[in-house]
Amino acid sequence: MRIQRFLLVFVSVLCLSFTLTAAQPGEDEVKQAVTSYEKAIDTKNVSNLQQLLATNASITTLNKINNNFAQYAASDYISSVKSGKIGGWERNLTINSVDVNENLAIAKVELTDARLKQVEYVTLMKVNGSWKIVNSALTVEKK
Numbered sequence: 004m005r006i007q008r009f010l011l012v013f014v015s016v017l018c019l020s021f022t023l024t025a026a027q028p029g030e031d032e033v034k035q036a037v038t039s040y041e042k043a044i045d046t047k048n049v050s051n052l053q054q055l056l057a058t059n060a061s062i063t064t065l066n067k068i069n070n071n072f073a074q075y076a077a078s079d080y081i082s083s084v085k086s087g088k089i090g091g092w093e094r095n096l097t098i099n100s101v102d103v104n105e106n107l108a109i110a111k112v113e114l115t116d117a118r119l120k121q122v123e124y125v126t127l128m129k130v131n132g133s134w135k136i137v138n139s140a141l142t143v144e145k146k
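Each residue of the sequence shown is one higher than the one before, counting from 4 in my numbering.
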């Protein structure tokens, strides 16, 4: 009887832990889209960046180093990446969290290199079966 009760409790806890740690539907796709977006900036891959950003996307930055606040439309941001004003070096990417609600998602991302730390909140929307970045708000500061 004790063994049966123990097994029942053990199996219940095991099932609950799988439920709590299971990825949300679409979470892996969102992580892949965010990773591809950041890598496109790092490598100045404008073609990939255009595919990942929604045409009406907005990017808002707060540079804590010089206290500069800037907002970009998708086309302006892509132009800044293309010209080398933004991006062009490799950063270490950590996706701290992802929350998916059907066709909407938000990811909290941390990017670092030898000198800088960037915290970014990326909002995505599933459009025609593909995750598109519709908004990004980020801060940049020295490490």
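Backbone N, C-alpha and C define an ideal beta-carbon position, used for all residues, glycine too. Fair warning: this is a prediction, and the values are worked out from it, not measured in the lab.
Q: Return the CA-CA distance between asparagine 69 and alanine 77, expressed in angstroms with no decimal places.
A: 23 Å
Q. Are the beta-carbon atoms of leucine 127 and lysine 120 separated by less than 8 Å?
A. no
Q: Have a look at Trp92, Asp102 and Gln54 and flag the residue whose alpha-carbon is nearest the alpha-carbon of threonine 46.
A: Trp92
(Q) Assuming the contact rule is C-beta atoms closer than 8 Å, tyrosine 40 and leucine 55 should be a hit. Round their C-beta distance to whole Å, please. (A) 5 Å
(Q) Check this for me: beta carbons of isoleucine 98 and alanine 110, under 8 Å apart or not? (A) yes
Q | Same chain only: Cβ atoms within 7 Å of glutamine 53, ignoring 5 sequence neighbours per side | A | Ile81
Q) Taking just the CA atoms, how far does proline 28 sit from asparagine 131? A) 17 Å
Q.
For valine 103, which residues in the same chain have their Cβ closer than 7 Å to its Cβ, ignoring the five residues on either side in sequence?
A. Gln27, Pro28, Gly29, Glu30 and Val33
Q. Which residues mark the beginning and the end of the alpha helix (DSSP H) in which threonine 38 is found?
A. 30-45
Q) Which stretch, first to last residue, makes up the alpha helix (DSSP H) that contains lysine 152? A) Residue 152 lies beyond the residue range present for the chain, which begins at 4 and ends at 146; the question has no answer from this structure.
**Q.** Own chain partners of threonine 24 with C-beta closer than 8 Å, once the 5 adjacent residues on each side are dropped
**A.** The predicted model places threonine 24 with a pLDDT of 47, which falls under 50 and marks its position as unreliable, so this point remains unresolved.
(Q) Rounding to the nearest angstrom, what Cα-Cα distance links aspartate 79 and glycine 87 in this structure? (A) 12 Å
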